[in-house]
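Number of protein chains: 2
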Amino acid sequence: MGMVETRRPRADRARQVADLLRREILQGRFQQGALPLETALSREFGASRNTVREALGLLREEGLVERCPGVGTTVAAEKYPHGLHRLLGLAETLREHGEVTNRVRTMSDIEPPAAVRERLGLMPGERVVYVERVRSLNGLPLSLDLTYLIREVGEPLFDADLERTDIFVLLERFAGQPLGMAELTLEAVNADPHTAAVLEVPRGSALLMVERLTHLADGRPVDLEFIRFRGDRLTMRGHLRRDTEGE
Amino acid sequence: MGMVETRRPRADRARQVADLLRREILQGRFQQGALPLETALSREFGASRNTVREALGLLREEGLVERCPGVGTTVAAEKYPHGLHRLLGLAETLREHGEVTNRVRTMSDIEPPAAVRERLGLMPGERVVYVERVRSLNGLPLSLDLTYLIREVGEPLFDADLERTDIFVLLERFAGQPLGMAELTLEAVNADPHTAAVLEVPRGSALLMVERLTHLADGRPVDLEFIRFRGDRLTMRGHLRRDTEGE
């Protein structure tokens, strides 16, 4: 008996094979970009050719592999790991994968609604700086970031090189102290048509949505961000511990 | 000038408002489940009625709110926070939100493919226990979990109450030691038709996909899981630190 019992529906067996292949693709097992032939995969996973073919179809739907006539199945796109073990800016975390560039879509001094004011611990009447950026790696769109900054660190950004620098790095420079802790909420959402156009993905594509409130080392909240990462280009990687050390 | 400059496309302003509303919904600001009237939201966000309406439309598409004739816009579904600060089983992390139940779709002793064997640090020929479960909270499907366990902790599961107990809790009992660290990869993927049917969501719905390799306190890897969470029901919440303490 192979890995996958034949009594189970083929779609279940295909998903099981697809998950293991996805993992191997993300790990960079297929260095030349070409997956083994279906017969070899069939042997490796103890699954029928039809199951393997359906598994490859699932990964193709995700945009992870493509079928090239005469060549077989190849890895279609690199998916980059964003560190989840430490608070890092995008360029910092993807340093070894290439160059991050940022296109500023809008930047202005605004009167924040209560939802922003409360998160940033501001008094009524205090203004914030709003920045909206499309962030790309090696020229390919990776994320759309909506950012609210307290004025002390936000105002100097108008004169900074936002195109080529993480906001985190600039914040630490302007605040004269390192960042401390960030609260993070992660979700998976479907791309609405307008966001899909900005990120150059099909409508409805799965996005990794991150809401992040970052504090300075002294505890003051300074930076509230809403980030939509392309699901086909980015993974988050980290570690969790069972004990509560550091809580 | 309000929060959102009128020169920007309305879709951009709507996204900005939607993100703040999403946050407030997740925070439980609208206790009775009813959002303020469009005129009130318009004032609060310094945005036009049309922008607010479009923002509500985006949240409706996500399944977060619904429009009830004569009542206005109401919160459609609770979205549960999964702790990302500590390694927890689903029932443990959602304890205060209700009862987690598990439907075992398949469970068997299998010969693992190389991809599983290597992750679990097993020798060729060593077998593993494969478990596939649909996990629900208060009767509503939340996730589909594919789990590979080393035999020492997997075999006793055949006689355990998997319907009502987290595997984590059982593993610690069978191993006679607590769990230690887990490596985690998070992605956003679209639901294929078969998975969508299992999780009772529309095809293509955004899912939060988690691959997790869990180790015992003594360092041995014991549990490799591939988990698909419904994007409309679950968020991941945690903290990150800028410094590298604990690395």
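Those protein sequence lines, which keep their order, are chains S and U. Residue numbers for the first sequence follow my numbering, beginning at 1 and rising by one. Residue numbers for the second sequence follow my numbering, beginning at 1001 and rising by one. Glycine is no exception: its CB is placed at the ideal position from the N, C-alpha and C atoms.
C-alpha gap between residue i and residue j, whole angstroms
i: residue 1031(U); j: residue 21(S); result: 44 Å
i: residue 240(S); j: residue 1217(U); result: 12 Å
i: residue 178(S); j: residue 25(S); result: 36 Å
i: residue 1214(U); j: residue 1221(U); result: 6 Å
i: residue 226(S); j: residue 148(S); result: 9 Å
i: residue 52(S); j: residue 165(S); result: 44 Å
i: residue 1231(U); j: residue 1113(U); result: 29 Å
i: residue 1008(U); j: residue 195(S); result: 14 Å
i: residue 197(S); j: residue 191(S); result: 9 Å
i: residue 28(S); j: residue 1033(U); result: 46 Å
i: residue 45(S); j: residue 17(S); result: 7 Å
i: residue 171(S); j: residue 153(S); result: 6 Å
i: residue 62(S); j: residue 77(S); result: 10 Å
i: residue 1079(U); j: residue 37(S); result: 42 Å
i: residue 118(S); j: residue 43(S); result: 58 Å
i: residue 72(S); j: residue 66(S); result: 8 Å
i: residue 1064(U); j: residue 1035(U); result: 12 Å
i: residue 1092(U); j: residue 242(S); result: 12 Å
i: residue 233(S); j: residue 142(S); result: 7 Å
i: residue 184(S); j: residue 1184(U); result: 16 Å
i: residue 162(S); j: residue 139(S); result: 16 Å
i: residue 1157(U); j: residue 84(S); result: 32 Å
i: residue 1096(U); j: residue 1090(U); result: 11 Å
i: residue 223(S); j: residue 1200(U); result: 37 Å
i: residue 1125(U); j: residue 15(S); result: 23 Å
i: residue 1205(U); j: residue 108(S); result: 34 Å
i: residue 120(S); j: residue 1094(U); result: 28 Å
i: residue 1202(U); j: residue 1068(U); result: 21 Å
i: residue 70(S); j: residue 39(S); result: 15 Å
i: residue 1048(U); j: residue 128(S); result: 20 Å
i: residue 1155(U); j: residue 1010(U); result: 58 Å
i: residue 1060(U); j: residue 58(S); result: 28 Å
i: residue 1160(U); j: residue 169(S); result: 51 Å
i: residue 1050(U); j: residue 1235(U); result: 29 Å
i: residue 110(S); j: residue 146(S); result: 13 Å
i: residue 953(U); j: residue 98(S); result: With chain U represented from 1001 up to 1247, any question about residue 953(U) goes unanswered, as that position is not in the structure.
i: residue 173(S); j: residue 1173(U); result: 50 Å
i: residue 23(S); j: residue 1023(U); result: 32 Å
Strand pairing of residue i, partner residues [DSSP]
i: residue 194(S); result: Residue 194(S) is not bridged to any residue.
i: residue 1074(U); result: 1034(U), 1066(U)
i: residue 1109(U); result: 1129(U)
i: residue 225(S); result: 147(S), 212(S)
i: residue 1182(U); result: 240(S), 1214(U)
i: residue 235(S); result: 81(S)
i: residue 1141(U); result: 1136(U)
i: residue 188(S); result: 208(S)
i: residue 1104(U); result: 1133(U)
i: residue 1230(U); result: 1207(U)
Where the alpha helix (DSSP H) containing residue i begins and where it ends
i: residue 154(S); result: 151-154
i: residue 1096(U); result: Run containing residue 1096(U): none; DSSP gives neither H nor E here.
i: residue 1017(U); result: 1010-1026
i: residue 214(S); result: No alpha helix (DSSP H) holds residue 214(S); the beta strand (DSSP E) holding it covers 206-216.
i: residue 58(S); result: 49-61
i: residue 1116(U); result: 1114-1119
Residue closest to residue i, alpha-carbon to alpha-carbon, out of the options
i: residue 1186(U); options: 1009(U), 1179(U), 1219(U), 1082(U); result: 1082(U)
i: residue 1075(U); options: 1155(U), 1159(U), 1056(U); result: 1056(U)
i: residue 106(S); options: 130(S), 125(S), 124(S); result: 130(S)
i: residue 19(S); options: 1228(U), 1168(U), 1126(U); result: 1228(U)
i: residue 1123(U); options: 1156(U), 1151(U), 1014(U), 1093(U); result: 1151(U)
i: residue 1254(U); options: 144(S), 90(S), 47(S); result: The structure shown does not extend to residue 1254(U), since chain U spans only 1001 to 1247, so no value can be given for it.
i: residue 1087(U); options: 1181(U), 1224(U), 1205(U); result: 1181(U)
i: residue 1041(U); options: 39(S), 115(S), 98(S), 173(S); result: 115(S)
i: residue 1238(U); options: 219(S), 235(S), 211(S); result: 211(S)
i: residue 1189(U); options: 176(S), 175(S), 193(S), 208(S); result: 208(S)
i: residue 54(S); options: 1193(U), 1050(U), 1236(U); result: 1193(U)
i: residue 219(S); options: 236(S), 175(S), 159(S); result: 175(S)
C-beta neighbour in chain B for residue i, strict 8 Å
i: residue 1174(U); result: Considering every chain present, this structure includes no chain B. Its protein chains are S and U.
Element boundaries [beta strand (DSSP E), containing residue i]
i: residue 168(S); result: Note, residue 168(S): premise wrong, no beta strand (DSSP E); alpha helix (DSSP H) at 167-175.
With a threshold of 8 Å, are at least 3 pairs of Cβ atoms found where one atom belongs to the segment 97-117 of chain S and the other to the segment 130-148 of chain S? With a cut-off of 8 Å, the segment 130-148 of chain S and the segment 97-117 of chain S count as touching, because enough Cβ pairs lie within range.
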